[in-house]
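Novice:
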Amino acid sequence: MFYLAHISDIHLSPLPQPSLFELTGKRLTGYLNWQKNRKNQMATNVLETLIDALYKTKPDHLVISGDLVNLALDKEFEQAYRWLLNLGQPQDISLTFGNHDAYVRGALQKACTLFKPWITGDVPQKSAFPFPYMRIRKDIAIIAASSAIATPPFQASGYFGKMQAQALSHLLKEAAQHNLFRAIMIHHPPFPKAVSWHKKLRDTKRFLDIIKHHGCELILHGHTHLPTLKYIEGPIKKIPIVGVPSASQAFGDKTPPAGFNLFSIERLQNQWHCQLQRYSIINPQNEIACTKTINF
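If you count the sequence shown from 1, position 88 lands on 88 in full-length UniProt numbering, and the numbers rise without skipping.
(1) Are at least three pairs of beta-carbons, each pair with one atom in the stretch 50 to 67 and one in the stretch 91 to 111, less than 8 Å apart?
(2) From T29 to P153, what does the alpha carbon distance come to, in whole angstroms?
(3) Going by other Cβ atoms of all chains shown within 10 Å of its Cβ, with 16 needed for buried, is A258 buried or exposed?
(4) By Cβ distance, which residues of its chain are closer than 6 Å to F97, with the 5 residues on each side in sequence left out?
(5) Put L226 into one of helix, strand or coil per three-state DSSP.
(6) Report yes or no: do the stretch 155 to 166 and the stretch 106 to 126 share at least 3 C-beta pairs separated by less than 8 Å?
(7) Nearest-angstrom Cα distance between A176 and I211?
(8) Can you find at least 3 beta carbon pairs, one from the stretch 194 to 210 and one from the stretch 20 to 28, that sit closer than 8 Å?
(9) Mind checking who P240 pairs with in its DSSP beta bridge?
(10) For residue 321, which three-state DSSP category applies?
(11) Excluding the 5 residues preceding and the 5 following T57 in the sequence, name in chain order all residues of the same chain whose CB lies nearer than 6 Å to its CB.
(12) Specify, as a first and last residue, the run of the alpha helix (DSSP H) that W83 falls within.
(13) With DSSP collapsed to three states, give me the class of Q155.
(14) Between the Cα of G215 and the Cα atoms of N179, S127 and W34, which residue gives the shortest distance?
(15) Nearest CA to the CA of I51: which residue from H223, L201, K138 and S280?
(16) How would you call F131, buried or exposed, if buried means at least 16 neighbouring beta carbons within 10 angstroms?
(17) Give every residue of the same chain whose Cβ lies closer than 6 Å to the Cβ of M185, excluding the five residues on either side of it in the sequence, and list them in chain order.
(18) Please name the residue or residues paired with G121 in a DSSP beta bridge.
(19) For I186, which three-state DSSP category applies?
(20) Would you tell me roughly how many angstroms separate the C-alpha atoms of E78 and S248, rounded to the nearest one?
(21) Which class does G25 belong to by DSSP, given the choice of helix, strand or coil?
(22) Going straight from the alpha carbon of F21 to that of L114, what length do you get?
(23) If you draw a straight line from the alpha carbon of R82 to that of E76, how long is it in whole angstroms?
(24) Considering E287, what are the terminal residues of the alpha helix (DSSP H) in which it resides?
(25) Given a threshold of 16 other Cβ atoms within 10 Å of its Cβ, counted over all protein chains shown, does N286 qualify as buried or as exposed?
(26) Cα separation between K230 and A107?
(27) Excluding the 5 residues preceding and the 5 following F251 in the sequence, name in chain order all residues of the same chain whose CB lies nearer than 6 Å to its CB.
(28) Are the CB atoms of E217 and A183 nearer to each other than 8 Å?
See below:
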């Protein structure tokens, strides 16, 4: 049995005080939104409690599907780096980036450099942009794609380009040849009408065409802050796409409270079996319980 844990949309707090130089363009609108809304929704103690509960389940591997930070400030990246170091060994934690990690031009390149230990596949790439990458843990192929790009103010869309598509096809084919369970993570939800137009993955069809041709066993995403489950067509059977709430969302807001997903994966009689357990905060005291179990 392999236990795979999934969290997303960390939005680490407290937000470091930006300089006046940093508060230009999109960062200004984002900062005002943080002060008005997200500051009261994202709580450090919630995240700490969630992580404590997560590690009590003793997962074999943890995947984080983006949005470590809020405005992609240098101080935020430093804060996130220290946070990741405290979580565990980089070989046991796989990361991809979200739109907040690529909030302004140049931020994504900084993130790829700083967080390299968490985004390096088993076969390191020469490119400064390492996505998609693949890590094989036991019989599980963890494949991380990136949809993170800098966008104009009031937009949070994602992009999945042709080069990533070609590389993802190759990785899926390679993993299938070795009879591995293929789990893909990407920040933006890769299915139609998942979010409004200004938040969507622009190249959903390109991604879905690859999955329809090569297949996989599981797709994980963040971005929506919702505990969703959708199915898409694969070459043989339908494939689950699973979302998760923000790992820092306080209880009592209109958005679902913080949670994590735990997948129990095993192969029995040449068939993959996967069980999803959803854990979430259930009251203002930040108690966490398993609220749903689903078998795929």
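By construction, the Cβ of each residue, glycine as well, lies at the ideal position given by its N, Cα and C atoms. Predicted model only: the values in this text are computed from it and were never measured.
Specialist: Here's the rundown:
(1) Flag = yes, the stretch 50 to 67 and the stretch 91 to 111 touch.
(2) Taking the sequence shown and counting its residues from 1, the one referred to as residue 29 is at position 29. Taking the sequence shown and counting its residues from 1, the one referred to as residue 153 is at position 153. The straight-line gap from Cα to Cα measures roughly 7 Å.
(3) The count along the sequence shown starts at 1 and reaches residue 258 at position 258. Classification of A258: buried, given that the 10 Å Cβ count is 16 or more.
(4) Residue mapping note: residue 97 aligns to position 97 of the sequence shown, counting from 1. The residues G66, A111, S146 and A148, in chain order, have a CB closer than 6 Å to that of F97 in the same chain once the five nearest residues on each side in sequence are set aside.
(5) Start at 1 with the first residue of the sequence shown, and residue 226 comes out as number 226. In this structure, L226 counts as coil in the three-state DSSP scheme.
(6) At 8 Å Cβ cutoff, the stretches do not touch.
(7) Stepping through the sequence shown from its first residue, residue 176 is reached at position 176. Stepping through the sequence shown from its first residue, residue 211 is reached at position 211. The C-alpha of A176 lies about 12 Å from the C-alpha of I211.
(8) No, the stretch 194 to 210 is not in contact with the stretch 20 to 28.
(9) On the sequence shown, residue 240 is found 240 positions in, with the first residue counted as 1. DSSP output for P240 lists Y231 as bridge partner(s).
(10) The question about residue 321 has no answer, for the chain in this structure spans 1 to 296.
(11) Locating residue 57 in the sequence shown gives position 57, counting from the first residue. Cβ neighbours of T57 beyond the five flanking positions: L262.
(12) Indexing the sequence shown from 1 puts residue 83 at position 83. Residues D74 to L87.
(13) Start at 1 with the first residue of the sequence shown, and residue 155 comes out as number 155. DSSP places Q155 outside both helix and strand once states are collapsed to three, so it counts as coil.
(14) Here residue 215 refers to the residue found at position 215 of the sequence shown. Taking each of N179, S127 and W34 in turn and checking the Cα distance to G215, the smallest one comes out for N179.
(15) In the sequence shown, residue 51 corresponds to position 51, counting from 1. Checked all of H223, L201, K138 and S280; the closest Cα to I51 is S280.
(16) As a position in the sequence shown, residue 131 is number 131, starting the count at 1. Residue environment for F131: buried (at least 16 other C-beta atoms within 10 angstroms of its C-beta).
(17) In the sequence shown, counting from the first residue as 1, residue 185 sits at position 185. Hits under 6 Å: V63, S65, T96, A144 and L220.
(18) Taking the first residue of the sequence shown as position 1, residue 121 is located at position 121. DSSP links G121 through a beta bridge to no other residue.
(19) To locate residue 186, count along the sequence shown from 1; it is residue 186. Shown here, I186 sits in coil according to DSSP, grouped into three states, outside any helix or strand.
(20) Taking the sequence shown and counting its residues from 1, the one referred to as residue 78 is at position 78. Taking the sequence shown and counting its residues from 1, the one referred to as residue 248 is at position 248. A direct Cα-to-Cα measurement between E78 and S248 gives close to 18 Å.
(21) Counted from its first residue, the sequence shown places residue 25 at position 25. DSSP places G25 in the coil class of the three-state scheme, outside both helix and strand.
(22) To locate residue 21, count along the sequence shown from 1; it is residue 21. To locate residue 114, count along the sequence shown from 1; it is residue 114. F21 and L114: Cα-Cα distance of roughly 22 Å.
(23) Counted from its first residue, the sequence shown places residue 82 at position 82. Counted from its first residue, the sequence shown places residue 76 at position 76. So the alpha carbons of these two residues sit roughly 10 Å apart.
(24) Here residue 287 corresponds to residue number 287 of the sequence shown, with the count starting at 1. No alpha helix (DSSP H) holds E287; DSSP gives it neither H nor E.
(25) Walking along the sequence shown from the start, residue 286 turns up at place 286. Buried, because 16 or more other Cβ atoms sit within 10 Å of the Cβ of N286.
(26) Indexing the sequence shown from 1 puts residue 230 at position 230. Indexing the sequence shown from 1 puts residue 107 at position 107. One C-alpha to the other measures close to 31 Å.
(27) By 1-based counting over the sequence shown, the position of residue 251 is 251. Within the same chain, F251 has close Cβ partners P257, I281 and P284.
(28) For the purposes of this step, residue 217 is taken as the residue at position 217 of the sequence shown. For the purposes of this step, residue 183 is taken as the residue at position 183 of the sequence shown. Yes; because the gap between Cβ atoms is below 8 Å, this pair is in contact.
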